[in-house]
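**Student:**
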Amino acid sequence: MAEIRLERISKTYAGGKAPAARDVSLAVADGEFMVLLGPSGCGKTTLLRMLAGLEYPDTGRITIGDREVTDLPPRQREIAMVFQSYAVFPHMTVFDNVAFGLRMRKQPADQIKPRVERAAELLQLEPYLGRYPSQLSGGQRQRVAVARAIVMEPSVLLMDEPLSNLDALLRLQFRAELKKLVQDIKTTTVYVTHDQVEALSLGDRIAVMRQGEIVQVAEPMVVYDRPTTEFVGSFIGNPPMNFLRGSVSRDNGHARVTIGSEALTAPTALAEAVGDNVLVGIRAENIEARAEAPSGGANGAGHALAGETVVVEPLGSHLLITAAIGGQQLKVVTRTDFPTGPGRPIWLYPEEDKIRWLRPDTGAAVQV
Amino acid sequence: MAVADTPQTLPPGAVQATDILPRTAARRKGPVRWPLYVAAILITLFLLLPIYLITIAALSPRAAVNDFPKSLVPRELSLETLLFFLNSRGVVASAWNSVMVGVITLVLSLVIGTPAGYALARFAFRGRDAFKILILTTRAFPIVILSIPLAVTFIQWGLYDTILAVALVHTALALPTTVLITSSIFVSVPRDVEEAALTLGCTPVGAFLRIALPLALPGLAAASLFTFVLSWNEVFAAAILTVSQRTLPAQVFTSLGDSPLPFRFAGGFALIVPSLVFIFFIRRYLFNMWGRVVR
Chain U
145 MAEIRLERIS KTYAGGKAPA ARDVSLAVAD GEFMVLLGPS GCGKTTLLRM
195 LAGLEYPDTG RITIGDREVT DLPPRQREIA MVFQSYAVFP HMTVFDNVAF
245 GLRMRKQPAD QIKPRVERAA ELLQLEPYLG RYPSQLSGGQ RQRVAVARAI
295 VMEPSVLLMD EPLSNLDALL RLQFRAELKK LVQDIKTTTV YVTHDQVEAL
345 SLGDRIAVMR QGEIVQVAEP MVVYDRPTTE FVGSFIGNPP MNFLRGSVSR
395 DNGHARVTIG SEALTAPTAL AEAVGDNVLV GIRAENIEAR AEAPSGGANG
445 AGHALAGETV VVEPLGSHLL ITAAIGGQQL KVVTRTDFPT GPGRPIWLYP
495 EEDKIRWLRP DTGAAVQV
Chain Z
-6 MAVADTPQTL PPGAVQATDI LPRTAARRKG PVRWPLYVAA ILITLFLLLP
44 IYLITIAALS PRAAVNDFPK SLVPRELSLE TLLFFLNSRG VVASAWNSVM
94 VGVITLVLSL VIGTPAGYAL ARFAFRGRDA FKILILTTRA FPIVILSIPL
144 AVTFIQWGLY DTILAVALVH TALALPTTVL ITSSIFVSVP RDVEEAALTL
194 GCTPVGAFLR IALPLALPGL AAASLFTFVL SWNEVFAAAI LTVSQRTLPA
244 QVFTSLGDSP LPFRFAGGFA LIVPSLVFIF FIRRYLFNMW GRVVR
C-alpha cells in the first residue's frame, strides 16, 4: 500500500533515436488503479519497467510510499510485476512458482504454504498447484503469474499487458475477474495496455501516452468524453471520435463554426478566434440523426448539419452510418430501424455539450 | 524472441517450427531442386562410405580385412577384431586417459565458457561482435605451431606428459564453440523469466543460478557433449604433449605405422562411434547456433 510519484522522468535507450520518456511526471494515489494507455512504442512499458527497477531513468526521481527508489534494484522496491508473456518458471510447479518470491524473502515454510494456498484460491488455481506450467493453458499460466505477484502483498502491483496474450473470450472474462481482484486487495496498481477498452473498463484513472509523453491523465469517462487533444479522441473509443474541420465566424454577436455550407453554434470562448480554423470533435453516439429536414426551414434555428449518407453498416445492436458533410466524413450511431441508404440525405444534430473544440495546429482543446 | 502462446513447452534451445517451415514453401514453388539433392547425396556418400567400410572391417573377422574385392555387405560378423584391439597393450589405459582428459576439458570449458556465453546472449556491450569473431579466430591458429611452444612451457611448469596439460590445450580449443553454443542456449531462455525472478527478490546472480541456468541445462549438456567429442577426437596436441600418458587417438596415431591392419580399423571404429552418438544428440543445438546466433 503506497502512493507512487514519478518526477520529471526522462529516458533514452542506448542507440535509440527518440526518447522513450521525456520529462514525465505522474502521481498515483494509494490504492489507485492507474492505466498507462498508448500505441506501441509510446514509452508506457518503459515507464512501467522503470517503476519496477528493470530500467533506470536518465534523469528524474521515483518514489514509492515515502521511499525514493530511483536507483534501487527491483528486489528492494516492494513491487510485484505481471509480465505480458506470463514469465512463469517452466521448471517449477505452480506451487513453487507462487512460493518463489516468499522463499526469496526467507519466509518460514509454515507461513509460505497458507499464503500460497490463499493466493491460489483467489485465482482458482488450487487444482493445479502440483502441475508444471507446460501442463496449463495460457489463461491458467497468466493466473499463476498474477498469483505469484499478489502473494507477495506488494506495495505496488505492476502489470504489463497481462491480457494481451489471451484469446478474446478469455480476455473478457479475466478482465472482470482482475478488476474484482484488485478492488478486493486494494493494492496500488499500475497497468500498461494498448487496448483502450481495457483501459476504460479497468482504470480508476487513465494516463494516455504518446511518443514518450503523457498527454492526458483523467478518469476513464473524462478521457472518453473530454479528450484534451485530437490524438486522445481518436485513440480512445470505437469508432474514434469524429473530427470535422471548420472555421470560426461571427453572426449577430454569436460565434459560429462553419463546416462546408453548414454551421454550428460555437461557444463564446471561440468568438475571439474569428477567421481561424477549428476542429470540431464529436463522438458517433453523441450525434442524433434524422431522415427528414428540420421543420424550421433550411438552415433554420437549431444546429442541424445537412449531409448525405455514404455507407450503412448494421452492427446488431445499432447502425453505424458514415455520412459526408461538405466533403468531410463522419461516423454516426443510430437505431437499427433508422431509414436511410447510400446517397440519401441525412440531418445530424450533435449534442452541444458533448462537442470538443480543438485548435487544428496543436490539436489541443479549447477550454470552454 | 517471438511470444508464442506456449513458449514454455519448448525445451530451451529447441529449433522452432518456423525455422523449418520456409523450406517446404520454397520447395513447392521454387526452382528445380534436384541438382542440389544430387550434390548433397554425393557429399554425404563421400563422408559416410569410409565410416561404413571402417565399421564393416571392425566387425568382421581379422582375416576378412585382406579380402578383395571388398563387398559392401559383411559376410560374417565377429567381435574378434575389436577384442584384439581392446586387448592390445596401452589401449585400455589410453582410453581411460581420454575419458579423464575429456571430463576435465568439459568441466573447465563449461566453467569458463558459460559465463561468457551468458554475457554474449544478455548484454549489449561495446565490442560484442568483435569479441565473437575474435574467439572464432583462435580456432584459425594452427595447433601445429602452438604445440611446440606449449610443450616447452609445459616442460618448464612440470606439466609435460600429464593429462592436465592435454586437457588445458583441449579447453583452449573447445572454448570458442562452447561460448557460442552456450550463448545460443541463453538467447533462447526468455529474458522475462529472469526479470520476473528479479522482481520477486532475486539478485542478478541469484536469477541466473535459480532460473536461467536450470532452464539452460539441457542445452548445456549438449554443449558439454560437443566439448567431450572434440577432446576425444583431438590427436595432434595429445600426441605432442604426452609420451607415456597417451590419450586413445594419440595411442592409435603413434602406433599406426607398426600395427596390423585390423588394429587400425578397430581403432578407427572405436574413435568414430562416440562422436557419432554425441553428434546425434546435439545436432538440433548446432542448428540452433547456426540459425540464430552465428549469422
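The listed protein sequences derive, respectively, from chains U and Z. The opening position of the first sequence corresponds to residue 145 in the numbering used here, with each subsequent residue numbered one higher. The opening position of the second sequence corresponds to residue -6 in the numbering used here, with each subsequent residue numbered one higher. Ideal placement from N, C-alpha and C gives every residue a C-beta, glycine not left out.
#1: Looking at the unbroken beta strand (DSSP E) that takes in I469 (chain U), where does it start and where does it end?
#2: Please list, in chain order, the chain A residues whose beta carbon lies closer than 8 Å to that of G451 (chain U).
#3: So the alpha helix (DSSP H) I223 (chain U) belongs to, where does it begin and stop?
#4: Where does L103 (chain Z) land, buried or exposed, given buried means 16+ other C-beta within 10 angstroms?
#5: Assuming the contact rule is C-beta atoms closer than 8 Å, E147 (chain U) and A173 (chain U) should be a hit. Round their C-beta distance to whole Å, please.
#6: Spatial neighbours of P67 (chain Z) within its chain, please: C-beta separation below 6 Å, excluding the five flanking residues on both sides.
#7: Does DSSP put P494 (chain U) in a helix, in a strand, or in coil?
#8: Would you be able to state if there are at least three C-beta pairs under 8 Å between the segment 411 to 423 of chain U and the segment 489 to 506 of chain U?
#9: Please report whether the beta-carbon of I329 (chain U) lies at a distance below 8 Å from any beta-carbon of chain Z.
#10: In chain U, which residues lie with their C-beta within 7 Å of the C-beta of I204 (chain Z)?
#11: Using a Cβ-Cβ cut-off of 6 Å (strictly less than) and excluding sequence neighbours within five positions of A88 (chain Z), which residues of its own chain qualify?
#12: Report the rounded CA-to-CA distance for K188 (chain U) versus M353 (chain U), giving the unit in angstroms.
#13: Can you tell me whether A7 (chain Z) is helix, strand or coil according to DSSP?
#14: Please report the residue range of the alpha helix (DSSP H) in which R500 (chain U) lies.
#15: In chain U, which residues lie with their C-beta within 8 Å of the C-beta of Y207 (chain Z)?
#16: Look at Y200 (chain U) and D215 (chain U) and say whether their C-beta atoms are less than 8 Å apart.
#17: Pick out whichever of U:S308, U:Q286 and U:I256 has its Cα sitting closest to the Cα of L269 (chain U).
#18: Kindly give me the distance between the Cβ atoms of F244 (chain U) and F227 (chain U), rounded to whole angstroms, as I take these residues to be in contact under 8 Å.
#19: Grouping DSSP H, G and I as helix and E and B as strand, with all else coil, what is F482 (chain U)?
#20: If you drop the 5 nearest sequence neighbours on each side, which residues of the same chain put their C-beta closer than 8 Å to that of F258 (chain Z)?
#21: Determine the closest residue to I223 (chain U) out of Z:F179, Z:L113 and Z:L191, with distance taken between C-alpha atoms.
#22: Determine the closest residue to I265 (chain Z) out of Z:P43, Z:L35, Z:V31 and Z:A215, with distance taken between C-alpha atoms.
#23: Is the beta carbon of G347 (chain U) closer than 8 Å to that of P364 (chain U)?
#24: So does the segment 426 to 438 of chain U actually touch the segment 477 to 488 of chain U, counting three or more Cβ pairs closer than 8 Å?
#25: Report the neighbours of R538 (chain U) on chain Z: residues whose CB is nearer than 8 Å to its CB, in chain order.
#26: Since M225 (chain U) and A189 (chain Z) are thought to touch, with beta carbons under 8 Å apart, how far apart are those beta carbons, to the nearest angstrom?
#27: Tell me the residue span of the alpha helix (DSSP H) that contains L202 (chain Z).
#28: Any beta carbon from chain Z within less than 8 Å of A165 (chain U)'s own beta carbon?
**Tutor:** So, from the listed chains and residues:
#1: That run of the beta strand (DSSP E) goes L463 to I469.
#2: As a matter of chain content, chain A is missing from the structure shown, whose protein chains are U and Z.
#3: Judged by DSSP secondary structure, I223 (chain U) falls outside any alpha helix (DSSP H) and instead within the beta strand (DSSP E) spanning I223 to V226.
#4: Buried, because 16 or more other Cβ atoms sit within 10 Å of the Cβ of L103 (chain Z).
#5: Correct: roughly 6 Å between the Cβ atoms.
#6: For P67 (chain Z), same chain residues with a beta-carbon under 6 Å away, outside a window of 5 residues either side, are I49 and S53 in chain order.
#7: Here P494 (chain U) sits in strand by DSSP.
#8: Proximity of the segment 489 to 506 of chain U to the segment 411 to 423 of chain U meets the contact definition, three or more beta-carbon pairs being nearer than 8 Å.
#9: Not closer than 8 Å to any Cβ of chain Z, the Cβ of I329 (chain U) fails to qualify, so no.
#10: Among the residues of chain U, those whose CB is under 7 Å from the CB of I204 (chain Z) are F233, following chain order.
#11: Exclusion of the five residues before and after A88 (chain Z) leaves L241 as the residues of its chain whose Cβ lies within less than 6 Å of its Cβ.
#12: Note on geometry: alpha-carbon atoms of K188 (chain U) and M353 (chain U) lie some 7 Å from one another.
#13: Only weak support is given to the placement of A7 (chain Z): the predicted model assigns it a pLDDT of 42, under 50, and the value that follows is read from those uncertain coordinates. Three-state result, A7 (chain Z): coil.
#14: Under the DSSP assignment, R500 (chain U) falls outside any alpha helix (DSSP H), being part of the beta strand (DSSP E) whose first and last residues are R500 to L502.
#15: Strictly speaking, residue 207 (chain Z) in this sequence is Pro, with Tyr absent from that position. Within chain U, H235 have C-beta atoms less than 8 Å from the C-beta of P207 (chain Z), given in sequence order.
#16: Yes, these two residues count as a Cβ contact at 8 Å.
#17: Cα-wise, what sits closest to L269 (chain U) is U:Q286.
#18: Rounded, the Cβ-Cβ distance is 14 Å, inconsistent with contact.
#19: Coil at F482 (chain U), not helix or strand.
#20: Sequence-distant Cβ neighbours of F258 (chain Z) in its own chain, meaning closer than 8 Å and more than five residues away, are I47, A50, A51, V58 and T74.
#21: Minimum Cα distance to I223 (chain U) is reached at Z:L191.
#22: Residue Z:P43 is the option with its Cα nearest to I265 (chain Z).
#23: It is a contact, given that the beta carbons lie within the stated cut-off.
#24: Touching, yes.
#25: Because chain U is modelled from 145 through 512, residue 538 (chain U) falls outside the range shown and cannot be assessed.
#26: Contact between M225 (chain U) and A189 (chain Z) holds: their C-beta atoms lie close to 7 Å from each other, under 8 Å.
#27: No alpha helix (DSSP H) holds L202 (chain Z); DSSP gives it neither H nor E.
#28: False, the Cβ-Cβ gap to chain Z never drops below 8 Å.
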